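Under this note's numbering, the first residue of the sequence shown carries the number 224, and numbering increases by one thereafter.
By construction, the Cβ of each residue, glycine as well, lies at the ideal position given by its N, Cα and C atoms.
All of these numbers come straight from a predicted model, not from anything done at the bench.
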Amino acid sequence: MTGVKSPIILRHTKMPAPGEERGGRRSVGFVNAASLRIAFFTECYHPIVNGIVAAVDGLAGALRARGHSVAMFTPRFPATSAGEEVQIYRMPSLPLPMPTDYRLTLPVVARRNRLTVLARCSLIHTHSPFITGWMGAHYARRFGVPLVFTYHTRLDRYAHYAPIDPDVARRLAAILTRTYANAADAVTVPTRDIESQLRAVGVTARIEVIPSGIALERFACAEATQSGRARLGGNGPGLRLLTVSRLAQEKNLSLLLSMLSRLPDDVTLAFAGDGPERERLEAAAHAAGLARRARFLGEVASEELPELYASADAFVFSSTSETQGLVLVEAMAAGLPVVAVEAPQTREVTKGAARLCPGDAQAMAAAVWSVAGDGEEGRRLREQGRCAAQEYELTRIAGRVERLYRELRREPLAPAAG
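In structure tokens:
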């Protein structure tokens, strides 16, 4: 197996000062203006559609726009083709023994050109603590470059997918998270609440709160269209509600169907997204007499989302399992009033610009009715949401990430500029 030592054992090692040795290679200083060569290792990437893919793609694009090179190392999926970008390196993978789109990466880089890319990297940034992430950590140590890890997923909230007792799975998730995060030179998280959760499971590595960003103008400049309204709820005069989510158990989407049943008959709710719970949710909607009002749109292309947001009257969000919930930022940027189930990370992300309520269908229905349309509270939330979303502008976030990269490389820093 070329370039991989097995087993891979990690230990947290502080980066040396300029000129010190690490991993058999001398640390090299760069001036602040120098472009960086960055390798992303991520378990989640196209053709999967979810918030992690959106966040990783967005950051990679923004870093490239700042003049840096970003190479993507990710599993090979059956649907991917050889005609992808030059900087996407697909690694062999196998299907997992459970109903999921994710793949089991085989820890093989092998080809000499890929090892050359890694050997020339300024640093490695991983987005998963699983096999792909461990590979990234191995190569960071092998080539003596900093390792950054972004904690995207609360693994304990996915214990129901594991083929073992959920309590055991949660304990193992905590061990995996602690071990992997402590091997990194820095860990980035989107909220203070998630930082506290990592500290609680024993993470002692440096943690920086840097949320994922979005291209604000895509959503802020979108306009409602007749076709968008029709897609969300037909041609009737009622309110159009929207949620954007993977249709999975941990997203708590049954609550939204219960909420819908408590709203007037001309109110519709569109689910933009797909996932293992779709069939069950459609059956539940039919059984509750909501088949006409609950619309399941399936996966929606990224370029179509701004129009959907702009065409809706309110955005509803039922998940409490997120580390951030990038769709909340998208909805606020589009000027939609947001109604969400109370959760510490949701409160932190929305910054007072959302109507938060307990996970109760009646409370959510009442909140939707009070904020949708042209009422005073709805207008206030729209305005505050647009303001709150400014903090997540992608170029600003990329600047913060780049600054972290350069700090870890011990490069001289220019004054922060966004």
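> In chain order, what residues of the same chain have a beta carbon less than 7 Å from the beta carbon of residue 607, not counting five sequence neighbours either side?
Replying inline: What you label residue 607 is simply residue 384 of the sequence shown in a count that begins at 1. Non-local C-beta neighbours of residue 607 in its own chain, meaning closer than 7 Å and more than five positions away in sequence, comprise 575, 576, ordered along the chain.
> Roughly how many angstroms lie between the CA atoms of residue 553 and residue 383, to the nearest whole one?
Replying inline: On the sequence shown, residue 553 is found 330 positions in, with the first residue counted as 1. On the sequence shown, residue 383 is found 160 positions in, with the first residue counted as 1. Their backbone Cα atoms lie some 28 Å apart in a straight line.
> According to DSSP, is residue 610 helix, strand or coil?
Replying inline: As a first step, residue 610 is located in the sequence shown; it is residue number 387 there, counting from the start. Three-state result, residue 610: helix.
> When we look at the beta-carbon of residue 344 and count the other beta-carbons within 10 Å, is it buried (16 or more) or exposed?
Replying inline: In the sequence shown, the residue the question calls residue 344 occupies position 121. Classification of residue 344: buried, given that the 10 Å Cβ count is 16 or more.
> Going straight from the alpha carbon of residue 614 to that of residue 398, what length do you get?
Replying inline: What you label residue 614 is simply residue 391 of the sequence shown in a count that begins at 1. What you label residue 398 is simply residue 175 of the sequence shown in a count that begins at 1. For residue 614 and residue 398, the distance between alpha carbons rounds to 33 Å.
>> Whole angstroms are fine: how far does the CA of residue 513 sit from the CA of residue 486?
In response: Here residue 486 refers to the residue found at position 263 of the sequence shown. Here residue 513 refers to the residue found at position 290 of the sequence shown. The alpha-carbon atoms of residue 486 and residue 513 are separated by roughly 11 Å.
> residue 459: which of 449, 476, 489 sits nearest, CA to CA?
Replying inline: Locating residue 459 in the sequence shown gives position 236, counting from the first residue. Answer by Cα proximity: 489.
>> Please report the straight-line C-alpha distance between residue 369 and residue 499, rounded to a whole angstrom.
In response: In the sequence shown, residue 369 corresponds to position 146, counting from 1. In the sequence shown, residue 499 corresponds to position 276, counting from 1. The straight-line gap from Cα to Cα measures roughly 37 Å.
> Nearest CA to the CA of residue 175: which residue from 268, 475, 603, 594?
Replying inline: Missing from the structure shown is residue 175; the chain here goes from 224 to 641 and no further.
> Cα-Cα, which of 260, 313, 259, 289 is closest to residue 270?
Replying inline: Counting from one through the sequence shown, the residue named residue 270 turns up at place 47. If we check each option's Cα against that of residue 270, 313 comes out closest.
>> Below 8 Å on the Cβ atoms is my contact criterion, and I expect residue 625 with residue 415 to pass it. Report the Cβ-Cβ distance as a whole number of Å.
In response: For the purposes of this step, residue 625 is identified with residue 402 of the sequence shown, where counting begins at 1. For the purposes of this step, residue 415 is identified with residue 192 of the sequence shown, where counting begins at 1. In fact, because the Cβ distance is near 22 Å, the residues do not count as touching under 8 Å.
> What is the DSSP secondary structure of residue 522, counted as helix, strand or coil?
Replying inline: Sequence index remark: in the sequence shown, residue 522 carries index 299 (1-based). Under the three-state reduction of DSSP output, residue 522 falls in the coil class, being neither helix nor strand.
> What are the residues that DSSP puts in a beta bridge with residue 293?
Replying inline: Here residue 293 is taken as the residue at index 70 of the sequence shown, counted from 1. Residue 293 is bridged by DSSP to 261.
> Any idea if residue 585 is buried or exposed, counting beta-carbon neighbours within 10 angstroms, 16 or more meaning buried?
Replying inline: Here residue 585 refers to the residue found at position 362 of the sequence shown. Per the 10 Å Cβ criterion, exposed.
> Given that a residue counts as buried once 16 or more other Cβ atoms are within 10 Å of its Cβ, and exposed if not, what is residue 597?
Replying inline: Numbered from 1 along the sequence shown, position 374 holds the residue referred to as residue 597. Around the beta carbon of residue 597, fewer than 16 other beta carbons sit within 10 angstroms, so the residue counts as exposed.
> What does DSSP give as the partner residues of residue 580 in its beta bridges?
Replying inline: Your numbering for residue 580 matches position 357 in the sequence shown. The partner list for residue 580 (beta bridge, DSSP) reads 564.
> Count the other CB atoms within 10 Å of the CB of residue 449; is the residue buried (16 or more) or exposed (fewer)?
Replying inline: The residue you call residue 449 lines up with position 226 of the sequence shown. Exposed: under 16 other Cβ atoms inside 10 Å.
> Rounded to a whole number of angstroms, what is the C-alpha to C-alpha distance between residue 278 and residue 621?
Replying inline: Residue 278 sits at position 55 when you count from the first residue of the sequence shown. Residue 621 sits at position 398 when you count from the first residue of the sequence shown. Roughly 11 Å separates the two Cα atoms.
> In the structure shown, what three-state DSSP assignment does residue 253 receive?
Replying inline: Residue mapping note: residue 253 aligns to position 30 of the sequence shown, counting from 1. Interpretation of residue 253 is limited by its pLDDT of 36, a score under 50 that renders its predicted location unreliable; the figure taken from the coordinates is listed afterwards. Residue state, collapsed to three classes: coil.
>> I want to know whether the segment 553-563 touches the segment 533-541 - three or more CB-CB distances under 8 Å.
In response: Yes: at least three Cβ pairs fall under 8 Å.
> In three-state DSSP terms, what is residue 470?
Replying inline: Residue 470 sits at position 247 when you count from the first residue of the sequence shown. Under the three-state reduction of DSSP, residue 470 is assigned to coil, being neither helix nor strand.
> Would you call residue 502 buried or exposed, if buried means 16 or more other Cβ atoms sit within 10 Å of its Cβ?
Replying inline: For the purposes of this step, residue 502 is identified with residue 279 of the sequence shown, where counting begins at 1. Looking at its Cβ environment, which holds fewer than 16 other Cβ atoms inside 10 Å, residue 502 is exposed.
> How many whole angstroms separate the CB atoms of residue 564 and residue 541, which I take to be in contact at a CB cut-off of 8 Å?
Replying inline: The sequence position of residue 564 within the sequence shown is 341, counting from 1. The sequence position of residue 541 within the sequence shown is 318, counting from 1. Approximately 5 Å separates the beta-carbon atoms of residue 564 and residue 541; this is inside 8 Å, confirming the contact.
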